[in-house]
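Right, one structure below, let's go through it.
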Amino acid sequence: MNAMLREMKRTAKRCWLRCRPHALILMYHRVADLESDPQLLAVSPKHFAEHLQVIRNTYHPLHLTELVQALSSHQMPRRGIVMTFDDGYVDNLYNATPLLKQFHIPATVFVTAGLIGQSQELWWDELERLLLLPGVFSKELSLRIQGQYYVKKLGQFREYRQDDYIKYCSWNILSADEPTVRHTIYRELHNRLRQLLPAERDNILRDIGKQIEQGRNWRESYRMMREEELRTLCARNLCEVGAHTMTHPALSMMSQLEQMNEIQQSKSSLERIIEKPVTNFSYPYGGRDDYTPETIEILRQCGFLSACSTLLDVVFPYADCFQLPRLVVRNWSGEIFARQLAEWF
19 MNAMLREMKR
29 TAKRCWLRCR
39 PHALILMYHR
49 VADLESDPQL
59 LAVSPKHFAE
69 HLQVIRNTYH
79 PLHLTELVQA
89 LSSHQMPRRG
99 IVMTFDDGYV
109 DNLYNATPLL
119 KQFHIPATVF
129 VTAGLIGQSQ
139 ELWWDELERL
149 LLLPGVFSKE
159 LSLRIQGQYY
169 VKKLGQFREY
179 RQDDYIKYCS
189 WNILSADEPT
199 VRHTIYRELH
209 NRLRQLLPAE
219 RDNILRDIGK
229 QIEQGRNWRE
239 SYRMMREEEL
249 RTLCARNLCE
259 VGAHTMTHPA
269 LSMMSQLEQM
279 NEIQQSKSSL
289 ERIIEKPVTN
299 FSYPYGGRDD
309 YTPETIEILR
319 QCGFLSACST
329 LLDVVFPYAD
339 CFQLPRLVVR
349 NWSGEIFARQ
359 LAEWF
């Protein structure tokens, strides 16, 4: 009976959606083959090519800027799909762009401007490297976070060996349990660090690095794009660049002046590099609690025309251009991807 009710609801939803013009914005982060991906941010090149084939065969791909223009005129394209990437990982250029060109599908890449040209990993990648890659802690992990001590005994997992890594590298944040104390620490610290301002967050990561033999040896394949790579990315107009702040903070945790600095500086930095207007924005983390009405007003003042969230929905003709919803895409096969999209059209 429950299965029948669920199917009836899905059928009713599809019928309702078919009666209303709408588009769907897809949210990606990385196109790469990763052994370990605890945040589920990567789609393999093989699966990404399958996604693009589905879009090319069945949907109407367009830039985010084109969708925003369509919203302004209330002229929604039929079966419109917008592809977006958050953060600005280097594989967006070297792995994703060749496939986008092959299938003639545009994309919008939101770049964390403060990390352009830096070797530094994004904080969640560094946390994974410090805790979930092979390494040895000198003793128990001891940190001070917002004035409180965080102390964890590592026991047998003070040393994390290569065979431990191989055994547990498929673990991710959707898993119900943590197989080792290191995974427990990773989950707890991820939740804590997400709420911190960038300077304090970086101090804690530096402190963890001091307590482990491998230190802060950042991975080349995890870096963000350099200036010349950004210019290459958008040279042929297949990919457009949007802003994603300077340091990837939860904007709602910042004062209005701090938000203004993060937003305005990211816009001006990107415009200087690519020599084109940057009018689209993506909220770091993108949930309802990660930005405020003041954030939206600041975006308007800075000259942005749209902002993407991580709220799940389709885009209807009268959508709020500063709270555009998106579907987070996982490492699905082409078949599963096609079924996921069909649920929204």
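Each number in the working numbering corresponds to the 1-based position in the sequence shown with 18 added. C-beta: ideal position from N, C-alpha, C; glycine also.
{"Item": "Whether Ala60 touches Asn349 by CB criterion (8 Å)", "Value": "yes"}
{"Item": "Residues that DSSP places opposite His78 in a beta bridge", "Value": "Gly98"}
{"Item": "Three CB pairs or more closer than 8 Å across the stretch 235-253 and the stretch 192-199", "Value": "no"}
{"Item": "Cβ contact (3+ pairs, closer than 8 Å) linking the stretch 135-153 and the stretch 304-314", "Value": "no"}
{"Item": "Classification of Arg258 by the beta-carbon crowding that lies within 10 angstroms, buried from 16 upward", "Value": "Note on identity: in this sequence residue 258 is Glu, with Arg being the wrong assignment. Answer is buried; the Cβ neighbour count reaches 16."}
{"Item": "Alpha-carbon to alpha-carbon, Val49 and Phe175", "Value": "31 Å"}
{"Item": "Contact with chain C by Gln71, beta-carbon distance below 8 Å", "Value": "Of the chains in the structure shown, none is chain C; there is only one protein chain."}
{"Item": "Residue span of the beta strand (DSSP E) that contains Arg344, given as start and end", "Value": "Careful: Arg344 lies outside any beta strand (DSSP E) and carries neither H nor E."}
{"Item": "Beta-carbon proximity list for Trp362, same chain, < 6 Å, skipping 5 on both sides", "Value": "Leu42 and Val332"}
{"Item": "Buried/exposed call for Gln166, threshold 16 Cβ in 10 Å", "Value": "exposed"}
{"Item": "Sheet register partners of Val154 (DSSP bridge)", "Value": "Glu177"}
{"Item": "Cβ shell of Leu269 (< 6 Å), same chain only, five flanking positions each side left out", "Value": "Gln277, Tyr309 and Thr313"}
{"Item": "Enclosing beta strand (DSSP E) for Ile163 [first to last residue]", "Value": "Leu159 to Ile163"}
{"Item": "Best match in Ile316, Met94, Lys228 and Tyr168 for proximity to Tyr204 [C-alpha to C-alpha]", "Value": "Tyr168"}
{"Item": "Rounded C-alpha distance that separates Arg200 from Lys64", "Value": "31 Å"}
{"Item": "Sheet register partners of Val61 (DSSP bridge)", "Value": "Val49"}
{"Item": "DSSP-derived helix/strand/coil call for Ala6", "Value": "Residue numbering for the chain in the displayed model covers 19 to 363; residue 6 lies beyond these limits and cannot be assessed."}
{"Item": "Helix, strand or coil at Ser319 [DSSP, three-state]", "Value": "Reading off the sequence, residue 319 comes out as Gln, not Ser. Helix, per DSSP."}
{"Item": "Cβ shell of Val72 (< 6 Å), same chain only, five flanking positions each side left out", "Value": "Gly352, Phe355 and Ala356"}
{"Item": "Beta carbon of Leu150 nearer than 8 Å to that of Ser62", "Value": "no"}
{"Item": "Own chain, CB closer than 8 Å to Gln229, minus 5 neighbours either side, in chain order", "Value": "Phe155, Ser156, Lys157, Leu159 and Ser160"}
{"Item": "Of the listed residues Tyr303, Arg38, Asp51 and Asn75, nearest to Asn209 (C-alpha basis)", "Value": "Tyr303"}
{"Item": "Straight-line gap, Gly98 to Thr126 (C-alpha atoms, nearest Å)", "Value": "14 Å"}
{"Item": "Helix, strand or coil at Ala337 according to DSSP, with G and I counted as helix", "Value": "coil"}
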